[in-house]
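Per the numbering used here: the sequence shown = residues 582 to 681. Using N, Cα and C, we set each Cβ at its ideal position, and we do this for glycine too. Step one of this worksheet: look at the structure below.
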Amino acid sequence: MEINPTHPIVVSLREKAEANKSDKTVKDLIWLLYDTSLLTSGFSLEEPVVFANRIHRLIQLGLQIDDDGADGDDVDLDDLPDLEGDDDDDEDDDAMERVD
């Protein structure tokens, strides 16, 4: 793999890495650059889930989404409407038990 040290992406990544060696975003960007070079060269990724997680983190960063509530479970269930035909009786539960 060749790296062009004068390319604006490489220059910017180097500056950011030197400014803060523990910046997780910079590390993610460097790994994404490496992984995408593997993909464009026809290789497969050993850990595609890690690659996808990096992309998701950077999308969240770009959209300025707070990572603390990123699991999507922050919906208040009391505000959701009842399902059609949901009468909260236990007859349906008993019927399911009898089927078994």
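How is residue i classed by DSSP in three states: helix, strand or coil?
i    : result
S618 : helix
I590 : helix
L639 : helix
F632 : helix
D609 : helix
Check whether chain C comes within 8 Å of residue i, counting only Cβ atoms and requiring the distance to be less than that.
i    : result
T587 : The structure shown contains no chain C, having only a single protein chain.
Who are the near neighbours of residue i in its chain, counting only those whose CB is closer than 7 Å to its CB and skipping five residues on each side?
i    : result
S618 : M582
Check each candidate in the options and name the one with the smallest Cα separation from residue i.
i    : options             : result
V592 : S603, F624 and L610 : L610
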